[in-house]
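Visitor:
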């Protein structure tokens, strides 16, 4: 047998002061639908490793034939913008309508953009 | 080939999935984590879905007007033809997953062989079911490895589960007169012919799970022949069949 805590390498095995409950890591799940062009975030779940995260996602999020491809990303690996930076991050783009491609005539042959 | 033997064979396939499906459904709302709860419910539903196909065909072959529901809900324990492994109690989560893996590892080989059945109806059911079973065995195998090669506690429980359930493995591969009739007609494989593939899969998974397969090959039997089920089946049927027994013909 490998080390007794192999499934949770990032969690210390023993804390003599306050025993903590081992939790599986949180995974964010992305699924591409039958006709979808890209993977979309559908929710999150817990799983001990990547392979089980995919299986759990299959069982939790594709029961009704929702998808043909699954991505699982451990939540701690996702870098997210901070709500505190909302002002400087997003407000400057509010006044720049010329960045929207609404001032061009797009030929029909181009198709969906 | 006698129609009686075909009916027996179809009841064996359908009763295996019915009894195990009901057992697995007993976890609904009780599994240790939400994800496993949903996964077990999915497995149970797959098995019950397969039951409808097997017992539906059994009723058709029998020709006495019995539906899949009639066969499932109105037969008593001695008329059931599932292997003893399927009716064993859930125990703890590890024991349930061990039972599932041992069954799945047989089931997937059996269904793969049945896709080549000389009976087109059976081949069609098997073609649908084998995809579900292929997922079941992958999931249950991974869980056996995860728990076997897990903590000291989970390893101990998984070894205990394997020791407890191993004597129920042999019955799945022991041929009898029904199996011989099926094999001769090209309807189903000789169950003994499935053993090498089963052993190879079990051996690899148990090695990865750091679990030791018991050396004793003693096999309990009497389930698939209906000669002697374990005491657990009757208790399970009491609960499963209660509604139809108390309110005959009730539906919604």
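Residue numbers (the working numbering), protein chains in the order written: chain Y, 46 to 158; chain C, 83 to 334.
We put the beta carbon where it would ideally sit given N, CA and C, even for glycine.
Because the structure is a prediction, the values reported are computed rather than measured.
(1) Using a Cβ-Cβ cut-off of 7 Å, state whether residue 110 (chain Y) counts as contacting chain C.
(2) Hey, is residue 100 (chain Y)'s beta-carbon within less than 7 Å of any beta-carbon in chain C?
(3) Taking a contact to mean a Cβ-Cβ separation below 7 Å, would you say residue 162 (chain C) touches residue 97 (chain C) in this structure?
(4) Using a Cβ-Cβ cut-off of 7 Å, state whether residue 46 (chain Y) counts as contacting chain C.
(5) Checking the sheet assignment: what are the DSSP bridge partners for residue 116 (chain Y)?
(6) May I ask you to report which of helix, strand or coil DSSP gives residue 96 (chain C)?
(7) Assuming residue 270 (chain C) and residue 196 (chain C) make a contact with CB atoms under 8 Å, what is their CB distance in whole Å?
(8) Any beta carbon of chain Y sitting closer than 7 Å to that of residue 120 (chain C)?
(9) Find the nearest neighbour of residue 103 (chain C) within the set C:208, C:170 and C:192, judged by alpha-carbon distance.
(10) Answer yes or no: do residue 280 (chain C) and residue 187 (chain C) have a C-beta to C-beta separation smaller than 7 Å?
(11) Distance, Cα to Cα, residue 113 (chain Y) vs residue 76 (chain Y)?
(12) Would you please verify whether the beta carbon of residue 108 (chain C) is less than 7 Å from any beta carbon of chain Y?
(13) Which residues in chain Y have a C-beta closer than 7 Å to the C-beta of residue 285 (chain C)? List them in chain order.
(14) Give me the residue from C:179, C:275, C:89 and C:326 with the minimum Cα distance to residue 219 (chain C).
(15) Between which residues of its own chain and residue 221 (chain C) is the CB-CB distance below 8 Å, once the five residues before and five after are set aside?
(16) Using DSSP bridges, identify the partner residues of residue 40 (chain Y).
(17) Quick check on the DSSP output: the alpha helix (DSSP H) that includes residue 376 (chain C) runs from which residue to which?
(18) Can you list the beta strand (DSSP E) stretches of 3 or more residues lying completely in the region 133-174 of chain C, in chain order?
(19) Check this for me: beta carbons of residue 285 (chain C) and residue 166 (chain C), under 7 Å apart or not?
(20) The alpha helix (DSSP H) spanning residue 101 (chain Y) covers which residue range?
(21) Closer than 6 Å by C-beta to residue 207 (chain C): which residues in its own chain qualify, once you throw out the five before and the five after it? Chain order, please.
(22) Would residue 297 (chain C) be called buried (16 or more neighbouring beta carbons within 10 Å of its own) or exposed?
(23) At a CB distance below 8 Å, what residues from the region 180-193 of chain C approach chain Y? Give them in sequence order.
(24) Would you please verify whether the beta carbon of residue 90 (chain C) is less than 7 Å from any beta carbon of chain Y?
(25) Just how far apart, CA to CA, sit residue 92 (chain Y) and residue 229 (chain C)?
Guide: Put simply:
(1) Indexing the first chain from 1 puts residue 110 (chain Y) at position 65. Judged by the 7 Å Cβ criterion, residue 110 (chain Y) is not in contact with chain C.
(2) The sequence position of residue 100 (chain Y) within the first chain is 55, counting from 1. Judged by the 7 Å Cβ criterion, residue 100 (chain Y) is in contact with chain C.
(3) For this step, residue 162 (chain C) is matched to residue 80 along the second chain. For this step, residue 97 (chain C) is matched to residue 15 along the second chain. Yes. Within cutoff.
(4) For the purposes of this step, residue 46 (chain Y) is taken as residue 1 along the first chain, with counting starting at 1. The pLDDT assigned to residue 46 (chain Y) is 41, lower than 50, so where the model puts this residue is not dependable; a value taken from the coordinates is nonetheless given after this. Closer than 7 Å to some Cβ of chain C, the Cβ of residue 46 (chain Y) qualifies, so yes.
(5) To locate residue 116 (chain Y), count along the first chain from 1; it is residue 71. Answer is Y:75.
(6) As a position in the second chain, residue 96 (chain C) is number 14, starting the count at 1. Of the three classes helix, strand and coil, the one that applies to residue 96 (chain C) here is helix, per DSSP.
(7) As a first step, residue 270 (chain C) must be located in the second chain, where it is residue number 188. As a first step, residue 196 (chain C) must be located in the second chain, where it is residue number 114. Right, their Cβ atoms sit about 6 Å apart.
(8) To locate residue 120 (chain C), count along the second chain from 1; it is residue 38. It does; some Cβ of chain Y falls within 7 Å.
(9) Taking the second chain and counting its residues from 1, one reaches residue 103 (chain C) at position 21. Closest by alpha carbon: C:170.
(10) As a first step, residue 280 (chain C) is located in the second chain; it is residue number 198 there, counting from the start. As a first step, residue 187 (chain C) is located in the second chain; it is residue number 105 there, counting from the start. Yes, Cβ-Cβ distance for residue 280 (chain C) and residue 187 (chain C) is below 7 Å.
(11) Residue 113 (chain Y) sits at position 68 when you count from the first residue of the first chain. Residue 76 (chain Y) sits at position 31 when you count from the first residue of the first chain. Going by the C-alpha atoms only, they are around 7 Å apart.
(12) Taking the first residue of the second chain as 1, we reach residue 108 (chain C) at position 26. Output row for residue 108 (chain C): interface = no.
(13) Position 203 of the second chain, counting from 1, holds the residue named residue 285 (chain C). Correct list: empty, because the minimum Cβ distance to chain Y is about 18 Å.
(14) Translated into positions along the second chain, residue 219 (chain C) becomes position 137. Nearest C-alpha to residue 219 (chain C): C:179.
(15) Within the second chain, residue 221 (chain C) is the residue found at index 139, counting from 1. Closer than 8 Å at the Cβ level, and outside the excluded window around residue 221 (chain C), lie 121 and 125.
(16) Chain Y is shown from 46 up to 158; residue 40 (chain Y) falls before or after that span and cannot be answered.
(17) Absent from the structure is residue 376 (chain C), since the part of chain C shown begins at 83 and ends at 334.
(18) none
(19) The residue labelled residue 285 (chain C) in the question sits at position 203 within the second chain. The residue labelled residue 166 (chain C) in the question sits at position 84 within the second chain. No. Outside cutoff.
(20) Here residue 101 (chain Y) is taken as the residue at index 56 of the first chain, counted from 1. Counting along the chain, the alpha helix (DSSP H) containing residue 101 (chain Y) begins and ends at 95-106.
(21) By one-based count along the second chain, residue 207 (chain C) stands at place 125. Closer than 6 Å at Cβ, skipping near neighbours: 135.
(22) Reading the second chain from its first residue, position 215 is the one you call residue 297 (chain C). Exposed, by the Cβ-count rule.
(23) none
(24) On the second chain, residue 90 (chain C) is found 8 positions in, with the first residue counted as 1. Chain Y contact via Cβ: absent.
(25) Counting from one through the first chain, the residue named residue 92 (chain Y) turns up at place 47. Counting from one through the second chain, the residue named residue 229 (chain C) turns up at place 147. Approximately 13 Å between the Cα atoms of the pair.
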